[in-house]
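Peer 1: Protein chains in written order, with the numbering used here: chain H, 1 to 668; chain X, 669 to 981.
Cβ coordinates follow ideal geometry from the N, Cα and C atoms, glycine included.
Can you keep this structure in mind? I'll have questions shortly.
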């Protein structure tokens, strides 16, 4: 598809102005108020317990996603604290080897699959439709299904853990250790099936996000006017589409090896243990960027707002994120430098791993330039979280360059140096920006501001605790301490730094507790925020806080990247969408030209029923391979209910912008 | 003993090269970190003044481009350095290297020194003797899951993968005792799968090798005699080998010269009579989950076994 030229673009904007008239009677204050009341009734969130279960509003689902992901974060954090207690002194007997191995596996699995990915998706689910001026998320029922799958997957994992069947082979679950011969009991199966839950949830959410971003942007928001966070979510969703199938294949092969004696990873029968590692890391490395790229988008949004200027180099920022996503798929072998692959092949992956620094460096320089030329920078709590990226994440990025070197990696691979590295990258590069972004968007979600005093206190505590915990781990790795050991002997010089790390973990715990108190307290008693407390530039600040269930009325259109900073450029809003039933405007992919109106479905209980049926099949199949066969019948029934045609309930009609209402009504 | 398992205290040419690479990278990366941190700090201080916005767009663009260019150069320098060191590590390969076969097991190391005459092969466990100043190559195998052999003072790690043969080339230049450890998570007792590498001058190493080619010395005292009888006829012989006796098991560490080794249970505890007694009496309390079952020996039987094992020099 050819992009629009400047001339075409200008003409298009003119047309937009021409087609939407300012003095349309539907834009009278009285008419708008009448429509808002109608919309409020049509789009209202369902009430009662059944209504709660049937909810499909993206804001409700996004909130649930967020709260649930933080619940898993808390559980994963408690597991981390247990590990730190065990390692606080040599030859400690607080956790035995069996429990410790389950705990570190659960910690990694929880943080990667149940926290880090769902939480960034949650932010996208809540804010992407608001930022692109849409009434809702595309495919809302699929979105609800994705939430239930993530919830049931997590519950399943923790129930099994409490029943002493928690996975214990690491979050990477290498065969043959996780294979049928050495992975006793059902622990490895539980891990493999949790991955399946998580894949289904992430893939469906990614589908919803891609569809929403490409087809539901409000008129005027061409691709090159999308907020950078929306770009980040679009890129990440595509990464999920390409990365998740690799782990889907590998976890399925593993569970087949274990349940029906296929021999994918058994070298004695012509399989190969390294096949797993290639498949797993082909997913596993992009996974890191799936967690990281949304944070880049959050950085840009927050920095843009608090510097009161557009982020420097929009095009470079977008291209950097895109190239990070591409290169991210070409570096997986740097997790396997110690497996003895040929040297020439390895040097290719060294070069790729070093190359991926460049786009990130470009973004960092761009942000620094933005701050450098701020129009009166405001150092608020969200900004502090973003600024800490420059000090923390960069340490992780630089140790990442070191790990890309084959000789050096052969020394520090699988040591605490790597543990330090990826906590600096993931916490510094994703969790810090995430916590900042939550403070930033909290007023939009709740209508109230978080306390700045508590916010700053918890930020500085976290900053100190984080560095105290993870910086000594670099040294531990250099002094020879390997990862995934439940204990260590005295006399190797590891005690002091382990003790420091444990104390640091205690400080992290306190800081997060303070953060939680701030969230709960501010949600109840915080200062009223108003629509746009930070004077942000993007569309989510154009609606009320919290937003109404239908997000906007009238639906705004845009003619610049920072619509709220350029009110003089703001074209008139969308008219012609019906208010007496749920419908949204579908626009073209590149230029967001209005295409047609589309009915939205839900609330519906079918996503929940389908998720229950899918979970039943996944769990059943662990205990009996026939579970996959018989368990698919309830899924089939649930999907029949889900897809039952609803045609004929609504009449076809032409609208102001609409070409035709889609005939494929009722599909979702 | 300080630093007996440290990357930063190399005792051989391979680890020496890698530590040089580390220090190069450390200094370059530290410089980069300070540059970015200082730039970010100045930007934050400056940005709070309203006049900051006056900087012209072209100046900023130029500065960002320069920063990008400098990073590119630094990255190429690091890449170049890494490739050069990687090639240098390969130059150790030589035909007169000492070849040692190391097999990973859950959770101990089987070590074999090859010899054209089968009876002169030396088998030991969890302790590797090597001569200084001579290249050594480990042939690495695994009987069960993936392990990784890592002796940080001498060389980076490499995995032992079932169905594959990997090699690790190193050379000790300073005599000493170095600790190594399994670096790839291998199950329940991954933490207690260590080994000791003794690097000694070549003549001393040859003496050690010759001594280890001999079968186990015969017991002298009646108690030692009884100890050997228990070992040969009891459960020990099912798994352990003691060359020169009836004990010929092959699934557990070779005990022919156990008394010369400095640790037991794969580097878990020192090889002292008290620890050995505790280990034989109840192996599951010291290293839960390991493959050695409790023996159920009576106290005087245990003492006899210990007395015999102490003669296995």
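1) Would you report the Cα separation of residue 823 of chain X and residue 330 of chain H, rounded to the nearest angstrom?
2) Taking all protein chains shown into account, do 16 or more other C-beta atoms lie within 10 angstroms of the C-beta of residue 162 of chain H, making it buried, or fewer, making it exposed?
3) Out of curiosity, what's the CA-to-CA distance linking residue 21 of chain H and residue 571 of chain H?
4) Got a sec, what are the start and stop residues for the alpha helix (DSSP H) residue 153 of chain H sits in?
5) Could you tell me if residue 972 of chain X is buried or exposed, where buried requires 16 or more neighbouring beta carbons within 10 angstroms of its beta carbon?
6) The alpha helix (DSSP H) that contains residue 697 of chain X, what's its start and end?
7) Would you mind telling me which residues of chain C sit closer than 7 angstroms to residue 775 of chain X, beta carbon to beta carbon, in chain order?
8) Which residues of chain X have a Cβ atom closer than 7 angstroms to the Cβ of residue 101 of chain H, listed in chain order?
9) Report the CB separation of residue 114 of chain H from residue 81 of chain H in whole angstroms; it is logged as a contact under 8 angstroms.
10) Would you list the one or two residues that DSSP bridges to residue 827 of chain X?
11) When the distance is taken between beta carbons, is residue 194 of chain H closer than 7 angstroms to residue 157 of chain H?
12) Quick check: the Cα distance between residue 914 of chain X and residue 804 of chain X, rounded to an integer number of angstroms?
13) Quick one: any contact between the region 51–60 of chain H and the region 130–149 of chain H, if contact means 3 or more CB pairs under 8 angstroms?
14) Using a Cβ-Cβ cut-off of less than 7 angstroms, list which residues of the region 225–250 of chain H approach chain X; keep chain order.
15) So with Cβ pairs under 7 angstroms, would you call residue 400 of chain H a contact of chain X?
16) Give the single residue among H:393, H:177, H:369, H:125 whose Cα lies nearest to the Cα of residue 715 of chain X.
17) Quick one: which unbroken alpha helix (DSSP H) runs of 4-plus residues sit fully inside the region 310–387 of chain H? Chain order, please.
18) Considering residue 516 of chain H, what are the terminal residues of the alpha helix (DSSP H) in which it resides?
19) Could you say which of X:892, X:894, X:920 lies nearest to residue 905 of chain X if we only look at CA atoms?
20) Say whether chain H places a C-beta atom closer than 7 angstroms to the C-beta of residue 747 of chain X.
21) So residue 177 of chain H packs on residue 697 of chain X, CB below 8 angstroms; how close in whole Å?
22) Checking 7 angstroms against the spacing of the C-beta atoms, do residue 533 of chain H and residue 554 of chain H come in under that value?
23) Beta-carbon separation of residue 148 of chain H and residue 613 of chain H under 7 angstroms?
24) Going by alpha carbons, who is nearest to residue 893 of chain X out of X:705, X:977, X:782, X:708?
25) What are the boundary residues of the beta strand (DSSP E) that includes residue 796 of chain X?
26) What residues of chain X sit near residue 478 of chain H, judged by a beta carbon separation below 9 angstroms?
27) What residue range does the beta strand (DSSP E) around residue 773 of chain X cover?
28) For the region 294–313 of chain H and the region 369–388 of chain H, state whether three or more C-beta atom pairs, one from each stretch, are separated by less than 8 angstroms.
29) Going by Cα to Cα distance, which pick from X:693, X:943, X:961 is closest to residue 404 of chain H?
30) Do we get a CB-CB distance below 7 angstroms when we pair residue 849 of chain X with the residues of chain H?
31) Out of H:247, H:211, H:35, H:374, which has the shortest C-alpha to C-alpha gap to residue 230 of chain H?
32) Under the rule that 16 or more other beta-carbon atoms within 10 Å means buried, what is residue 690 of chain X, buried or exposed?
33) Answer with yes or no whether the minimum CB distance from residue 699 of chain X to chain H is below 7 angstroms.
34) For the beta strand (DSSP E) containing residue 253 of chain H, name the first residue and the last one.
35) Going by beta carbon distance, what residues of the same chain come within less than 7 angstroms of residue 625 of chain H, once the five residues before and after it are set aside?
36) Candidates H:124, H:597, H:277: which alpha carbon is nearest residue 434 of chain H's?
Peer 2: On the basis of the supplied data:
1) C-alpha separation (whole angstroms): 27 angstroms.
2) It is exposed - the Cβ of residue 162 of chain H has fewer than 16 other Cβ atoms within 10 Å.
3) With a pLDDT of only 49 at residue 21 of chain H, under 50, the local geometry of the prediction cannot be trusted, and the value read off the model is given with reservation. Their Cα atoms are separated by approximately 9 angstroms.
4) 140–162
5) buried
6) 681–715
7) Here chain C cannot be found, since the structure's protein chains are H and X.
8) 856
9) Going by Cβ atoms, the distance from residue 114 of chain H to residue 81 of chain H rounds to 17 angstroms, so no, they are not a contact pair.
10) X:816
11) yes
12) 33 angstroms
13) yes
14) none
15) no
16) It is H:369 whose Cα lies nearest to the Cα of residue 715 of chain X.
17) 314–327, 343–355, 357–372
18) 495–525
19) Per the Cα distances, X:920.
20) Yes, its Cβ sits closer than 7 angstroms to a Cβ of chain H.
21) About 34 angstroms separates the two Cβ atoms, so there is no contact after all.
22) It is not a contact, given that the beta carbons lie outside the stated cut-off.
23) no
24) Closest by alpha carbon: X:977.
25) 795–799
26) The contact set of residue 478 of chain H on chain X, defined by CB atoms closer than 9 angstroms, consists of 674, 675, 676, 690, 820 in chain order.
27) 766–773
28) yes
29) X:693
30) Yes, contact with chain H.
31) H:211
32) buried
33) no
34) Note, residue 253 of chain H: premise wrong, no beta strand (DSSP E); alpha helix (DSSP H) at 228–260.
35) If you ignore the 5 residues before and after residue 625 of chain H, its C-beta comes within less than 7 angstroms of the C-beta of 259, 260, all in its own chain and listed in chain order.
36) Measuring from the Cα of residue 434 of chain H, the nearest candidate turns out to be H:124.
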